[in-house]
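First the structure, in the form of structure tokens, and then the observations on it.
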Amino acid sequence: MRIVGMDIHRSFAQAAILEDGAIIRQLRVDLVHDRLIAFAKTLNQDDEVVIDEVVIELILASIGDIARFPSPDKLSSYFGLTSRVRQSGEQPARHGQSSKQGNRDARKLLVEAA
Numbered sequence: 017m018r019i020v021g022m023d024i025h026r027s028f029a030q031a032a033i034l035e036d037g038a039i040i041r042q043l044r045v046d047l048v049h050d051r052l053i054a055f056a057k058t059l060n061q062d063d064e065v066v067i068d069e070v071v072i073e074l075i076l077a078s079i080g081d082i083a084r085f086p087s088p089d090k091l092s093s094y095f096g097l098t099s100r101v102r103q104s105g106e107q108p109a110r111h112g113q114s115s116k117q118g119n120r121d122a123r124k125l126l127v128e129a130a
């Protein structure tokens, strides 16, 4: 199994790929959609991706007591990562872009970490 360690910055991510405890590749990935997609395609399905622990601590601090969220969907809504749903009467629901409601700072951290 390979481990992919990432340190996220404002405009780029510093990544190191380790295999059997040795660094086999280091790279810098610009936080631009096309570059991130290209980087994601180089990963294996069983790679373990590790994000900077500071980002994780900030996200956990923003969540607080996770027991207050009865489901993963409620937690996603807290971050504003769910899509907007527009529905009136018997008409089918229309799903739009992400709602961007909820904790803005935590949402930004999650987007940067992704």
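Just so we're on the same page, the numbering used here is the position in the sequence shown counted from 1, plus 16.
Yeah, the Cβ is synthetic: ideal placement off N, Cα and C, and Gly gets one too.
Minimum C-alpha distance to ARG41 - residue among GLN30, GLY96, ARG51, LEU47: GLN30
For VAL45 and PHE55, which I take to be in contact (beta-carbon distance under 8 Å), what is that distance rounded to the nearest angstrom? 5 Å
Which residues does DSSP pair with GLU64 in a beta bridge? ILE19
Just the Cα atoms here: how many angstroms apart are ARG51 and LEU91? 28 Å
Could you check how far apart the C-beta atoms of GLY80 and ARG123 are, in whole angstroms? I think they sit under 8 Å. No, GLY80 and ARG123 are not in contact; Cβ-Cβ is about 15 Å, not under 8 Å.
For a quick check, are the C-beta atoms of ILE39 and VAL20 less than 8 Å apart? no
With a cut-off of 8 Å on the beta carbons, I'd call LEU74 and LEU125 a contact; round off their distance for me. 6 Å
I need the straight-line Cα distance from ARG148 to LEU59, nearest angstrom please. Outside the shown range of the chain (17 to 130) lies residue 148, about which nothing can therefore be said.
Residue of LEU47, LYS57, ASP121 minimising C-alpha distance to ALA77: ASP121
According to DSSP, residues forming a beta bridge with GLN30: ASP23, ARG44
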